[in-house]
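Peer 1:
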Amino acid sequence: KNQVEQSPQSLIILEGKNCTLQCNYTVSPFSNLRWYKQDTGRGPVSLTIMTFSENTKSNGRYTATLDADTKQSSLHITASQLSDSASYICVVTNTGGFKTIFGAGTRLFVKA
Amino acid sequence: GAGVSQTPSNKVTEKGKYVELRCDPISGHTALYWYRQSLGQGPEFLIYFQGTGAADDSGLPNDRFFAVRPEGSVSTLKIQRTERGDSAVYLCASSLGGFQNNEQFFGPGTRLTVL
Chain A
1 KNQVEQSPQS LIILEGKNCT LQCNYTVSPF SNLRWYKQDT GRGPVSLTIM
51 TFSENTKSNG RYTATLDADT KQSSLHITAS QLSDSASYIC VVTNTGGFKT
101 IFGAGTRLFV KA
Chain B
1001 GAGVSQTPSN KVTEKGKYVE LRCDPISGHT ALYWYRQSLG QGPEFLIYFQ
1051 GTGAADDSGL PNDRFFAVRP EGSVSTLKIQ RTERGDSAVY LCASSLGGFQ
1101 NNEQFFGPGT RLTVL
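Heads up: the sequence lines are chains A and B, in that order.
For the first sequence, my numbering gives the first residue as 1, with consecutive numbering after it.
For the second sequence, my numbering gives the first residue as 1001, with consecutive numbering after it.
(1) Give me, in chain order, the residues of the same chain whose beta-carbon lies closer than 8 angstroms to that of Arg1084 (chain B); leave out the 5 immediate sequence neighbours on both sides.
(2) Of all the residues that make up the stretch 44-58 of chain A, which are near chain B by a beta-carbon distance shorter than 8 angstroms?
(3) From what residue to what residue does the beta strand (DSSP E) around Val91 (chain A) run?
(4) Comparing alpha-carbon positions, which option in A:Phe109, A:Thr100 and A:Asp84 lies nearest Tyr62 (chain A)?
(5) Buried or exposed: which applies to Leu1021 (chain B), given that a residue is buried once 16 or more other Cβ atoms fall within 10 Å of its Cβ?
(6) Using a Cβ-Cβ cut-off of 7 angstroms (strictly less than) and excluding sequence neighbours within five positions of Gly1051 (chain B), which residues of its own chain qualify?
(7) Contact between the stretch 1003-1017 of chain B and the stretch 97-108 of chain A: three or more CB pairs below 8 angstroms?
(8) Check whether the Cβ of Phe102 (chain A) lies closer than 8 angstroms to any Cβ atom in chain B.
(9) Between the C-alpha atoms of Leu1091 (chain B) and Arg1081 (chain B), what's the straight-line distance to the nearest angstrom?
(10) Taking all protein chains shown into account, decide if Pro1070 (chain B) is buried (16 or more other Cβ within 10 angstroms of its Cβ) or exposed.
(11) Name, in chain order, the residues that DSSP records as bridge partners for Gln38 (chain A).
(12) To the nearest angstrom, how far is the alpha carbon of Thr36 (chain A) from that of Gln1104 (chain B)?
(13) Can you tell me whether DSSP reads Arg1084 (chain B) as helix, strand or coil?
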């Protein structure tokens, strides 16, 4: 059972454009949600973390939102750059079992 | 070191062989995690160490997989009688404390190919 679902699976955009990636989760009880960026051949790197009481968090051109009621999160990338081409992974941690569940990721391709 | 390191970066082995994958966490990080990542998928949890002990090994797929962290620092993931389905990237991560709000810092992974 996949408790973290991401969409779209892949996305192609032109350099300079904005995009939004989606994450829906059913992990409960909820502790925190992170967005990671994973470049090809590398380990994931954390972009943002949000706890239950936070509904938005920014890191440069990356802005994450969280709706804990609907269990949805989004990652918005502004003015995309070629270096934004990567997989973006939504990760949810629960409080009860101390489990960290990774989504399958969205593969973003930024074209010149 | 500055970050989590993993060796080897690539490992090719034959079906039925034994392999060991090594992880050097960030100095001072008490928590260490092993994940397995197949192509096009997110990392899949295998095992979590707090210090020297395995706090959660529920992600290990079967008894061919075993991991140790004898001195609470370096960890070794051991796979016996490898199968073609074991082919994946094995990621290691470390954090200052347990899961909760502590950021996990990932190594570059070891790409295991079982022929």
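Backbone N, C-alpha and C define an ideal beta-carbon position, used for all residues, glycine too.
Peer 2: A quick look at the data gives this:
(1) Numbered from 1 along the second sequence, position 84 holds the residue referred to as residue 1084 (chain B). Counting only residues of its own chain and dropping the five nearest sequence neighbours on each side, Arg1084 (chain B) has a CB closer than 8 angstroms to the CB of Lys1015, Val1114 and Leu1115.
(2) Those residues of the stretch 44-58 of chain A that come within reach of chain B (Cβ to Cβ, closer than 8 angstroms) are Pro44, Val45, Ser46, Ile49 and Thr51.
(3) Walking along the first sequence from the start, residue 91 (chain A) turns up at place 91. Start and end: Ala86 to Asn94.
(4) Within the first sequence, the letter at position 62 stands for residue 62 (chain A). Among A:Phe109, A:Thr100 and A:Asp84, the Cα nearest to that of Tyr62 (chain A) belongs to A:Asp84.
(5) The sequence position of residue 1021 (chain B) within the second sequence is 21, counting from 1. With 16 or more other Cβ atoms within 10 Å, it is buried.
(6) Here residue 1051 (chain B) corresponds to residue number 51 of the second sequence, with the count starting at 1. Short of 7 angstroms from the beta carbon of Gly1051 (chain B), and not among the five residues preceding or following it, lie these beta carbons of its own chain, in chain order: Thr1030 and Gly1072.
(7) Result no; under three Cβ-Cβ pairs closer than 8 angstroms.
(8) Reading the first sequence from its first residue, position 102 is the one you call residue 102 (chain A). Interface with chain B (8 angstroms Cβ-Cβ cutoff): Phe102 (chain A) is included.
(9) Here residue 1091 (chain B) refers to the residue found at position 91 of the second sequence. Here residue 1081 (chain B) refers to the residue found at position 81 of the second sequence. Near 20 angstroms, if we compare the C-alpha coordinates of Arg1081 (chain B) and Leu1091 (chain B).
(10) Start at 1 with the first residue of the second sequence, and residue 1070 (chain B) comes out as number 70. So Pro1070 (chain B) ends up on the exposed side.
(11) Translated into the one-based positions of the first sequence, residue 38 (chain A) becomes position 38. Answer is A:Ser87, bridged to Gln38 (chain A).
(12) The sequence position of residue 36 (chain A) within the first sequence is 36, counting from 1. The sequence position of residue 1104 (chain B) within the second sequence is 104, counting from 1. Residue identity differs from the one stated: residue 36 (chain A) is Tyr in this sequence, not Thr. About 10 angstroms.
(13) For this step, residue 1084 (chain B) is matched to residue 84 along the second sequence. Of the three classes helix, strand and coil, the one that applies to Arg1084 (chain B) here is helix, per DSSP.
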